[in-house]
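Q: Residue numbers (this note's numbering): 13 to 276. I'd like to ask some things about the structure below.
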Amino acid sequence: MRKNSINYFPYNFMQKILIANWKMNLDVEKSLNLAKQYKKNLRTLKGLELVVAPSIPLIIPIKDIFGSAKISLSGQNVAAFSEGAYTGEVSAKMLKQIGCGYSLVGHSERRQHLVEADEMIHKKIVQSYAAGITPVLCVGESLKEKESGGRDAVIINQLQRALSKVEALPDKEIIIAYEPVWAIGTGVSVEREDLIHVERIIKRALSSLYSENFYNEKVSLLYGGSVNSVNVSVFWGIDKLAGFLVGTSSLEANEFLKIAIQMK
Ligand code: 13P
Numbered sequence: 013m014r015k016n017s018i019n020y021f022p023y024n025f026m027q028k029i030l031i032a033n034w035k036m037n038l039d040v041e042k043s044l045n046l047a048k049q050y051k052k053n054l055r056t057l058k059g060l061e062l063v064v065a066p067s068i069p070l071i072i073p074i075k076d077i078f079g080s081a082k083i084s085l086s087g088q089n090v091a092a093f094s095e096g097a098y099t100g101e102v103s104a105k106m107l108k109q110i111g112c113g114y115s116l117v118g119h120s121e122r123r124q125h126l127v128e129a130d131e132m133i134h135k136k137i138v139q140s141y142a143a144g145i146t147p148v149l150c151v152g153e154s155l156k157e158k159e160s161g162g163r164d165a166v167i168i169n170q171l172q173r174a175l176s177k178v179e180a181l182p183d184k185e186i187i188i189a190y191e192p193v194w195a196i197g198t199g200v201s202v203e204r205e206d207l208i209h210v211e212r213i214i215k216r217a218l219s220s221l222y223s224e225n226f227y228n229e230k231v232s233l234l235y236g237g238s239v240n241s242v243n244v245s246v247f248w249g250i251d252k253l254a255g256f257l258v259g260t261s262s263l264e265a266n267e268f269l270k271i272a273i274q275m276k
């Protein structure tokens with residue numbers, strides 16, 4: 013088990029997990045207000061690992077707001093390097109030191125707008141493990157890739173490039189978030205049958221990269237993309253699905269709470 017820090021509760025593998033990715037949607041005041049509402053509404057939820065990924069400058073004040081509430085923190089990104097002359101970057105070690113137990117890695121918005129390539133994503137995973145942080149690896153196809161029938165190949169490639177030769181992996185847990193790009197922020201979510209299919213693709217890819225045991229014992233699968241309190245029940249209960257990575261619906265505490273309650 014990893015060491016506890018104030019807001020980091022060791023991730024109990026196979027636990028249900030719900031991650032709020034606030035992205036860069038809120039300013040400082042709105043972020044702190046939302047954190048207060050989260051604390052008020054969500055602190056009583058047991059048996060669910062709740063994780064908030066605010067912007068970096070807000071992590072420390074939000075950690076203070078959460079106090080003893082069982083809400084964990086995640087970086088929205090992490091550096092691909094351990095330390096040194098990398099202007100603008102935040103290391104995995106620093107994330108850990110300020111109380112993060114997780115970091116998102118390879119989010120499609122970073123792949124798309126910040127030219128984040130698979131090689132860099134791979135390094136970020138390595139750095140996360142070195143610092144004792146659980147990476148949340150985001151994978152998913154674009155609309156064009158979906159329409160041209162390339163979805164499965166895209167997901168398999170992203171997994172292989174991000175994870176092959178990560179030596180620490182078979183001993184450590186990883187969270188994989190399937191987030192189809194076309195479903196993010198659009199109000200259109202994946203079909204249940206498609207999510208079931210993608211789970212099988214991810215299982216096959218990770219079983220051949222490592223082993224089926226590794227997949228069964230160390231991998232948690234999340235879905236992200238226009239999840240809300242109405243559609244969450246469509247997905248919840250799918251075999252292997254451990255929870256959700258939520259953007260828009262996490263910006264309103266009540267809506268996020270409604271999602272969390274349905275995962276009980
Ligand atoms: P939305 O929930 O707004 O579709 O965003 C999903 C997402 O990108 C979470 O990382």
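Cβ coordinates follow ideal geometry from the N, Cα and C atoms, glycine included.
Counting C-beta neighbours from all protein chains within 10 Å, is the total for residue 151 16 or more, i.e. buried, or is it exposed?
A: buried
Q: Determine the extent of the alpha helix (DSSP H) in which residue 73 is found, giving its start and end residues.
A: Residue range 71-78 is occupied by the alpha helix (DSSP H) that includes residue 73.
Q: What is the rounded straight-line gap between the Cα of residue 50 and the Cα of residue 255?
A: Between residue 50 and residue 255, the C-alpha separation is close to 18 Å.
Q: Just confirm the distance between the C-beta atoms of residue 137 and residue 167, as a whole number of angstroms; I'd bet it's less than 8 Å.
A: At roughly 16 Å, the Cβ-Cβ gap does not stay under 8 Å, so residue 137 and residue 167 are not in contact.
Q: Please determine whether the Cβ atom of residue 125 lies at a distance below 7 Å from any heavy atom of the ligand 13P.
A: no
Q: Can you tell me whether residue 222 is helix, strand or coil according to DSSP?
A: Taken through DSSP and simplified to helix, strand or coil, residue 222 comes out as coil.
Q: How long is the line joining the alpha carbons of residue 121 and residue 32, rounded to whole angstroms?
A: 15 Å
Q: Can you tell me which residues form a DSSP beta bridge with residue 247?
A: Beta-bridge pairing links residue 247 to no other residue.
Q: Is residue 271 near residue 239, with beta carbons less than 8 Å apart?
A: Taking a C-beta distance under 8 Å as the contact criterion, residue 271 and residue 239 qualify as a contact pair.
Q: Tell me whether residue 195 is buried or exposed, calling it buried when 16 or more other Cβ atoms sit within 10 Å of its Cβ.
A: buried
Q: Would you kindly report the start and end of the unbroken alpha helix (DSSP H) that includes residue 40?
A: 40-54
Q: What residue ranges within the stretch 142-217 form continuous beta strand (DSSP E) runs of no fewer than 3 residues, ordered along the chain?
A: For the stretch 142-217, whole beta strand (DSSP E) runs of length 3 or above, ordered along the chain, are 146-151 and 186-190.
Q: Within the same chain, show all residues whose beta-carbon is closer than 8 Å to that of residue 184, passing over the 5 residues directly before and after it, in chain order.
A: 141, 146 and 230
Q: Alpha carbon to alpha carbon, how far is residue 257 from residue 79?
A: Looking at the two C-alpha atoms, the distance is approximately 23 Å.
Q: What's the C-alpha gap between residue 134 and residue 110?
A: 23 Å
Q: First and last residue of the beta strand (DSSP E) that includes residue 241?
A: Note, residue 241: premise wrong, no beta strand (DSSP E); not H, not E.
Q: Hey, residue 226 and residue 235: beta-carbon distance below 8 Å or not?
A: no
Q: Using a Cβ-Cβ cut-off of 7 Å (strictly less than) and excluding sequence neighbours within five positions of residue 269, which residues of its own chain qualify?
A: 53 and 54
Q: Please tell me whether, using a cut-off of 7 Å, the distance from the CB of residue 195 to the nearest non-hydrogen atom of the ligand 13P is below it.
A: yes
Q: May I ask whether a heavy atom of the ligand 13P can be found less than 7 Å away from the beta carbon of residue 209?
A: no
Q: Buried or exposed: where does residue 113 fall if 16 or more other Cβ atoms within 10 Å of its Cβ makes it buried?
A: buried
Q: Is the CB-CB distance between residue 88 and residue 116 below 8 Å?
A: yes
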